[in-house]
Amino acid sequence: MIKLVNISKRYPGGHEALSNVTCHLQAGEMAFLTGHSGAGKSTLLKLITLIERTTRGEVVLDGENLSRVRRREIPFVRRKIGMVFQDHNLLNDKTVFDNVALPLIISGIPPSETGRRVRAALDKVGLLRKEKQFPITLSTGEQQRVGIARAVVNRPPLLLADEPTGNLDPALSREIMGLFEAFNHIGTTVLIATHDLGLISQLQYRLFTLHEGRLIADGTTQDLNNAA
Amino acid sequence: MVPRKNRRQRQTPQQRQQQRRRQQDLTTFIDYESDARTRQKTHSALSRYFEQQAWVGKAALLQLLQTPLSTLMTAAVIAIALALPTGLFLLLTDLQKIVSNWQGNAQVSLFMKKSISDQEARLLTKKLQTWEEISNASHLSAAQALDEFQQQSGFGDALDILQENPLPAVIIVKLHRSQLITGNIERLTEKLRELPQVDIVQLDFKWIQRLNSFVALGKRGALLLSGLLAVAVLLIIGNTIRLTIHNRRQEILVTKLIGATNQFIRKPFLYAGFWYGLMGAVFAVLLIALLFWLISDPIHRLSVLYNSTFQLSGLGFVGVAYILAIGVVLGLTGSWIAVTRHIHAIEPK
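These protein sequences, in sequence, are chains L and C. The working numbering applies: residue 325 is where the first sequence begins, and numbers increase by one. The working numbering applies: residue -19 is where the second sequence begins, and numbers increase by one.
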């Protein structure tokens, strides 16, 4: 699903955020990406979502070489990716329903046909009854779940999350991880950037560890427990 | 460390139940999914397109109505900018109509030389009547002219003292409508002046021509003014949309991250421009109607004094259609310029 081949990213000014990273995430796999802040986690996600371009090397997403994607084609690549953000990036002047419907509207589904799919997604994250509320009236955990519903409503083959539990307490964090696991069970490839090692050590998935822009480990989350 | 299998066994019944429920939800999720796919096929591409357009248009309108006061103010500025030149233009057009009515009575007085007898003057009158530039010519002998002057001037008694009629005979020539163009009038006057019998040729409508020129100048000015104000409307709408884009920067970033194309992001702003233009135009129409209603009474009184049945013509159906179309075109253009300039600059970082 995602293949990174010898990628490097140097920002203007000379800072090399990623150097020579190679890894391969199979379709249907779920993996974590970890490392200190500044290790290059966010940069890696930005390269996959074409917010940034690689300086060297190539990113292949679902068989498509992203360095060949032209500017105007970027939106269509992003539609294959459901994105979950740390600060969930919901639109505060729109209801929960409208927030979740947005990806459907963007990909050209008529508004009258969005209802059932939006409700199915909201049902999945357990927020069906809150569809008419505004994000501000929800708790942080609920807001993050709306973010997840928005990410999956289009049934993208890939789900990317950048510190999805960064603002949540441990119990809520586990619940959110449970949601990601559930979507992985129905075939979605999931990549989660997090530094919450305590949380992921309880799970058993693939783990990429970045350190100062280099991939220093490609193992499983159980390695964390063994190391401890 | 505890192997994973053991952990799973340690799950509480509640957790297991929760997991089962989640699995069920997923099935419904997938069911809904395939259901939605089949439903899509029943809609034609065209009807989907129109449904989306209507949806975006309505959403843009609701967005504007969320801030009614600022929307109203923008629309009012546009309305004034549209109504001002239009109202001026309409008034001048009406004035031009009155002037051309007066011009219909345009006449030239030919004063005969003293040596010309009534007989000769009558012959000349007959001859002039055959000219195609002239619609009518009538002869007024020196005696008749004196009579008329005595009656109209009130100097009757004083004139009696004169031993000799000081007035010349006159031929009053009414011009054909086709002659009312500047060049033709000059040519005809020259022709009349060359007649041996004629002493003086006097145009009685020079002032109407001057007035007409002033009105034409005014109309040209109104057109130039409307051009300037159209640019002003473009700037107003452009600036308003630019501010809206700025305020909704975060929203644009998020939608771009989710996979929105620039066209998709542009649409609501174009619709906002459309609504601003349309609202401004509707207000402009109302404003013109109000202004004309306010001045209709004084104008009526004035026209009664001139024995005229003149009435202001107003915008009319075509005029209203024009204003609405101009408002919409200006709104769309203004927002298009703003959107094209600013949306590209907003990219997720």
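Even for Gly, the Cβ is constructed at its ideal location relative to N, Cα and C. Note that this is a predicted model, so its numbers are computed, not measured.
Contact list for residue i against chain A, beta-carbon separation under 7 Å
i, result
"ALA240/C", "Among the protein chains in the structure shown, which are L and C, there is no chain A."
Short Cβ contact (8 Å threshold) for residue i with residue j
i, j, result
"ILE217/C", "TYR256/C", "yes"
"ALA61/C", "VAL265/C", "no"
"GLY314/C", "GLY253/C", "yes"
"ASP547/L", "LEU527/L", "no"
"THR518/L", "TYR529/L", "no"
"LEU515/L", "LEU390/L", "no"
"VAL195/C", "LEU75/C", "yes"
"LEU104/C", "ILE165/C", "no"
"VAL79/C", "LEU197/C", "no"
"ASN413/L", "GLY381/L", "no"
"ASN508/L", "GLY406/L", "no"
"LEU183/C", "VAL88/C", "yes"
"GLY37/C", "LEU271/C", "no"
"LEU312/L", "ARG443/L", "What is shown of chain L runs 325 to 552, which leaves residue 312/L out entirely."
"VAL408/L", "LEU374/L", "no"
"ASP386/L", "LYS404/L", "yes"
"MET325/L", "PRO481/L", "yes"
"LYS333/L", "LEU371/L", "yes"
"ALA331/C", "GLY260/C", "The question about residue 331/C has no answer here: the residues shown for chain C are numbered -19 through 329."
"LEU175/C", "LEU147/C", "no"
For residue i, the first and last residue of its enclosing beta strand (DSSP E)
i, result
"ARG539/L", "First, the residue type needs correcting, since residue 539/L is Leu and not Arg in the sequence shown. Segment 538 to 544, the beta strand (DSSP E) holding LEU539/L."
"SER315/C", "First-last for SER315/C: 296 to 322, but that is the alpha helix (DSSP H), not the beta strand (DSSP E)."
"SER343/L", "340 to 349"
"GLN182/C", "178 to 183"
"ALA517/L", "513 to 517"
Residue-chain proximity (residue i, chain L), Cβ-Cβ < 8 Å
i, result
"GLN32/C", "yes"
"PRO328/C", "yes"
"PHE272/C", "no"
"TYR12/C", "Any reading at TYR12/C must be qualified, since the residue scores a pLDDT of 48, below 50, and its modelled position is unreliable; the value itself is stated next. So, interface residue."
"TRP255/C", "no"
"TRP35/C", "yes"
"THR54/C", "no"
"LEU237/C", "yes"
"VAL79/C", "no"
"THR18/C", "Residue placement at THR18/C is poorly supported in this model, since its pLDDT is 49, which falls under 50; the coordinates are not used for a value here."
"GLY314/C", "no"
"ARG28/C", "yes"
"PHE244/C", "yes"
"VAL234/C", "yes"
Distance between beta carbons of residue j and residue i, contact taken as under 8 Å
i, j, result
"THR464/L", "ASN423/L", "Contact doesn't hold; Cβ gap of about 15 Å is too wide."
"VAL178/C", "LEU90/C", "5 Å"
"PHE249/C", "VAL319/C", "5 Å"
"LEU534/L", "ALA363/L", "4 Å"
"LEU539/L", "VAL345/L", "5 Å"
Extent of the continuous alpha helix (DSSP H) run through residue i
i, result
"ARG334/L", "Where ARG334/L is concerned, there is no enclosing alpha helix (DSSP H), although the beta strand (DSSP E) it sits in stretches over 326 to 334."
"THR235/C", "229 to 238"
"ALA355/L", "First-last for ALA355/L: 354 to 358, but that is the beta strand (DSSP E), not the alpha helix (DSSP H)."
"LYS38/C", "25 to 46"
"GLN532/L", "Here residue 532/L turns out to be Phe, not Gln, going by the sequence shown. Premise fails: PHE532/L lies in the beta strand (DSSP E), 530 to 535, not in any alpha helix (DSSP H)."
"LYS329/C", "Per DSSP, LYS329/C belongs to no alpha helix (DSSP H) and is neither H nor E."
"ILE268/C", "242 to 285"
"LYS151/C", "Sequence check: residue 151/C is Ile here, not Lys. Where ILE151/C is concerned, there is no enclosing alpha helix (DSSP H), although the beta strand (DSSP E) it sits in stretches over 150 to 155."
"LEU369/L", "365 to 372"
"ILE524/L", "521 to 524"
Closer than 8 Å to chain C by CB, residue i
i, result
"PRO494/L", "no"
"ALA551/L", "no"
"ILE375/L", "yes"
"MET501/L", "no"
"SER436/L", "yes"
"SER343/L", "no"
"ASN491/L", "no"
"VAL329/L", "no"
"PRO336/L", "no"
"ARG402/L", "yes"
Closer than 7 Å: residue i CB and nearest the ligand FAD heavy atom
i, result
"ARG395/L", "Judged by which ligands are present, the structure shown has none, so any question about the ligand FAD falls away."
Fully enclosed by the segment 377 to 418 of chain L, which beta strand (DSSP E) runs are 3 residues long or longer?
380 to 385 and 405 to 408
Which complete alpha helix (DSSP H) runs does the segment 55 to 136 of chain C hold, if anything under 4 residues is left out?
98 to 109 and 122 to 133
Note down, one range per segment and in chain order, each beta strand (DSSP E) of at least 3 residues found wholly within the segment 415 to 498 of chain L.
482 to 486
Tell me the start and end of each unbroken beta strand (DSSP E) in the segment 194 to 222 of chain C that is at least 3 residues and wholly inside, in chain order.
none
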